[in-house]
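These notes concern the structure reproduced below.
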Amino acid sequence: MIMGFPIRFKDASLVASAPGRIDFLNTHQDYKGLPVVPVAINLRTYIAILEPRENFVFESLNLKEEGKPYRDEFEPAYPDQKEKGWCGNYLRAVVTAVEDYLGRPFEEGFHAVIYSEVPIGSGLASSAALEVALAKALDAYFNLHIPRAELAEICFRAENIYMEIPCGRLDQYSSTFGGAILLYPRPPVRVEELPLKNVDFVVVDSGIRHSVADIHPRRQGEINEGLRQLMESADVPQALKEKLGYSFDEPLWEEIEYPELQPYLGMISETAAKRITFTVLMNKLTMDAVSLIKSGAPDLPQRLGEIVNKQHELLRDLYEVSLPELEKIRDAMLDAGAYGVKISGAGMGGSLVAVTPSEEEVKHRIVKAAIKAGARKGWSVKVDEGARVDYRREGLRYNL
């Protein structure tokens, strides 16, 4: 039994779950092909399969409680997307993506209920947790034996290809693999587990809702405009142009040093210069943090906090995805004792993540200060495992 989830495990055929994640280091970089560090946390989305059905039938307990459309039913073979914003589109996309991976449709569906501890639109990857939980449920229920990396890629394709949301791979891979990982999202995708120990986190939900579908394409377009101007300028040396490109995901960002780029940023718009500068400086800070994590430094939380603060400042000043309301909450968390606080997720609302001292009293004080400053809710969270089967009824067998 999961707190808040009225379905007892013994009443289900199978229960699968996947975690939300903290977008910890190198925010807004995965869709550019740069390595990122997400951390899976112990706020999870659960899918309980109740019984076989001719069609797929899903019911969201969270949406039902909010008085919103909460039920979707569709035929099992390659379901179409409905109108934008429909509650079942993520589910339809995952089913289609799994079927494309298999090269054949499902012949029947099942009735399932969904319960999520991950707040929607809060920057904690609620959509990826839903996608991965369903993919894991399909994998386990139909005995598909899909490898972990393939499961993550299926979920990425569901959102990026079938739903046409220009996301990167960060969310789906973090939710699938769990723990703290260094993810290299540019194909061939690589995942490196990181020994992030003795680091405590607090996450607060600002209560301000956003849509990634609005933020990502705008920033990508601004970078593209700056890259075009640099590539077409006769003043930019050919050696630098060979590292650049015309689209946000083309440059060899990891090979570009800010000093070699800086002299030419004055020839492009101020907005484009900010976005490109952000990309280079943010990545440098991230790789410094990865080296620090691997070193196992005794003062790791404090030093990570310093890097987290610098990354937030870049997100605020150069990528411009913060808001005055977020800054007020962040200041309160720092004043209450957090080592470092930054945006988690796309920004313009959503969540803030803090690296904190280990004392529960301090973490409670940080959450309390954030709520007093306007946050809706807060949690002291732990690093959690990835997609898993929580329960399978004894004797349950299904051969596709």
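Mapped onto our numbering, the consecutive letters of the sequence shown carry residue numbers 20 to 419.
Glycine included, each C-beta is placed from N, C-alpha and C at the ideal position.
On a predicted model such as this, the values are computed, not experimentally measured, just so you know.
For residue i, write down the residues that DSSP places opposite it in a beta bridge.
i      : result
LYS396 : ASP224
TYR410 : VAL34
PRO71  : PHE129
SER370 : ASP224, SER363
THR115 : BP columns for THR115 are empty, so no partner.
PHE77  : ASP91, ALA131
THR298 : Its beta-bridge partners do not exist; DSSP assigns none.
So, at 6 Å on beta carbons, what are the nonlocal neighbours of residue i in its own chain, with the 5 sequence-adjacent residues on each side left out?
i      : result
PHE125 : PRO95
SER193 : ARG40, PRO57, ALA59
LYS83  : TYR89
GLN239 : PHE267
ALA147 : ASP190, GLN191, SER194
GLY142 : SER363, GLY364, GLY369, SER370
ARG335 : SER341
PRO320 : VAL218, TYR358, VAL374
ASP409 : VAL34, SER36
Buried or exposed, going by whether 16 or more other CB atoms sit within 10 Å of the CB of residue i?
i      : result
GLU180 : What sits at residue 180 in the sequence shown is Ile, not Glu. Classification for ILE180: exposed.
ALA355 : buried
HIS331 : buried
PRO38  : buried
SER36  : buried
GLU178 : buried
MET286 : exposed
GLY405 : buried
PRO71  : exposed
LYS155 : buried
ALA373 : buried
GLU85  : exposed
ASN45  : buried
ASP42  : buried
GLU241 : buried
LEU153 : buried
ASP233 : exposed
ASP307 : exposed
What does the alpha-carbon distance come out to for the pair residue i and residue j?
i      : j      : result
ASN61  : ASP403 : 5 Å
GLN191 : ALA258 : 35 Å
ARG228 : GLY368 : 6 Å
ASP318 : TYR203 : 27 Å
PRO206 : ARG384 : 43 Å
TYR226 : SER370 : In the sequence under discussion, the amino acid at residue 226 is Gly, which differs from the Tyr named in the question. So the two alpha carbons sit approximately 8 Å from each other.
ILE200 : CYS174 : 18 Å
GLN100 : MET182 : 8 Å
PRO185 : GLU413 : 41 Å
GLU339 : TYR160 : 44 Å
LYS329 : THR115 : 41 Å
PRO256 : GLN48  : 25 Å
SER145 : ASP254 : 45 Å
PHE129 : ARG167 : 23 Å
LYS293 : LEU33  : 49 Å
TYR97  : SER288 : 44 Å
VAL386 : LYS401 : 15 Å
ASP350 : HIS164 : 47 Å
GLU325 : ASP30  : 48 Å
GLY52  : GLY187 : 8 Å
LYS313 : GLU212 : 10 Å
GLY197 : PHE93  : 30 Å
LYS361 : LEU323 : 11 Å
VAL137 : TYR283 : 43 Å
Looking at the structure shown, is residue i part of a helix, part of a strand, or coil, going by DSSP?
i      : result
TYR203 : strand
VAL58  : strand
TYR265 : coil
PHE161 : coil
ASP42  : strand
LYS361 : strand
VAL218 : coil
TYR89  : coil
SER310 : helix
VAL210 : strand
MET20  : Confidence is the limiting factor: at MET20 the pLDDT is only 48, short of 50, which leaves the residue's position unreliable, though a coordinate-based value still follows. Coil.
SER341 : coil
TYR50  : helix
ILE66  : strand
GLU404 : strand
GLY356 : coil
GLY198 : coil
Which residues in the same chain have their Cβ closer than 8 Å to the Cβ of residue i, if we skip the five residues on either side of it in sequence?
i      : result
LEU333 : PHE297, LEU300, MET301, LEU304
ASN243 : TYR265, SER266, PHE267
GLU269 : LEU246, LEU263
Taking 7 Å as the limit between beta carbons, can you name the residues of its chain near residue i, skipping five residues before and five after?
i      : result
GLU274 : LYS262
LYS382 : ASP219, VAL221, THR375, SER399
GLU150 : TYR109, VAL113, CYS174, ALA177, GLU178, GLN191
ASP91  : PHE77, CYS106, GLY107, LEU110
LYS260 : MET250
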